[in-house]
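Have a look at the structure below before the remarks.
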Amino acid sequence: MIIKLSEIFSKREKKKQINCEIHQEPFEFEGGLITPLKDISIHGEMKAFEDILELNLKVNTVLEDSCSRCLENFSFEVDTTLNEKFTNKSTIETEDIILVEGDVVDIAEVVINSIISTLPIKRLCSESCKGLCHSCGINLNHHKCNCENLEVDSRLEVLKSFFTDKEV
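Okay, so the sequence shown: first residue is 3 according to the numbering used here, each after it adds one.
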């Protein structure tokens with residue numbers, strides 16, 4: 003959905019309700035591919051005053067991603083709010099207002115950026131995800147492996163010499 007700022011600022015009606023759905027193709031984030039499982043639902047309003055466009059939106063969708071620990075795909079709901087201000091006048095200088103080059107604001111791009119900003123860097127299928135075995139690669143959420151975990155943090159390697167027998 004494209005908004006032309008000049009049209010909004012020139013109209014008498016400075017307020018408009020936004021209720022739409024945007025189809026989004028899968029997108030890359032932090033080296034992984036995130037797939038929207040349903041269209042992005044957008045509800046809210048747009049207000050214009052002087053040379054500033056204000057968007058107050060509620061955004062909802064369901065995304066699919068792969069777990070950072072076990073690599074299995076999982077889905078999760080994104081339900082967030084978006085409050086942004088835009089202008090195309092470079093004379094207005096404030097950190098709260100986004101300066102737009104040209105005359106158009108693409109709401110889809112703004113919404114995707116908002117969704118991305120809510121995503122954690124490590125996305126997990128569950129907080130209790132055990133991940134993959136470092137030796138054999140089996141998913142520890144579904145199976146138990148018989149690998150002996152002898153890996154020791156290199157900073158603690160010197161402590162191994164204290165225990166010559168397998169006491170620990």
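Glycine included, C-beta positions come from ideal geometry on N, C-alpha and C.
Inter-residue Cα distance where the pair is residue i and residue j
i, j, result
"residue 131", "residue 83", "28 Å"
"residue 76", "residue 70", "11 Å"
"residue 66", "residue 86", "26 Å"
"residue 57", "residue 105", "16 Å"
"residue 143", "residue 123", "21 Å"
"residue 160", "residue 150", "20 Å"
"residue 110", "residue 145", "42 Å"
"residue 17", "residue 24", "21 Å"
"residue 44", "residue 68", "25 Å"
"residue 32", "residue 126", "14 Å"
"residue 59", "residue 129", "29 Å"
Beta-carbon contacts of residue i that lie in its chain and below 6 Å, excluding the five residues immediately before and after
i, result
"residue 19", "47"
"residue 28", "35 and 37"
Host alpha helix (DSSP H) of residue i (start-end)
i, result
"residue 106", "Where residue 106 is concerned, there is no enclosing alpha helix (DSSP H), although the beta strand (DSSP E) it sits in stretches over 106-108."
Other residues of its chain near residue i: CB distance less than 7 Å, five sequence neighbours each side excluded
i, result
"residue 108", "4"
"residue 147", "135, 138 and 140"
"residue 2", "The question about residue 2 has no answer here: the residues shown for the chain are numbered 3 through 170."
Residue range of the beta strand (DSSP E) that includes residue i
i, result
"residue 42", "42-51"
"residue 34", "34-38"
"residue 22", "17-24"
Close-in-space but distant-in-sequence residues of the same chain around residue i (CB under 8 Å, 5 per side omitted)
i, result
"residue 112", "57, 84 and 86"
(request) Check whether the region 116-134 touches the region 154-164, counting contact only when three or more Cβ pairs, one atom from each stretch, lie closer than 8 Å. (result) no
(request) Could I get the ranges of all uninterrupted beta strand (DSSP E) runs contained in the region 73-99, with 3 residues as the minimum, in chain order? (result) 75-89
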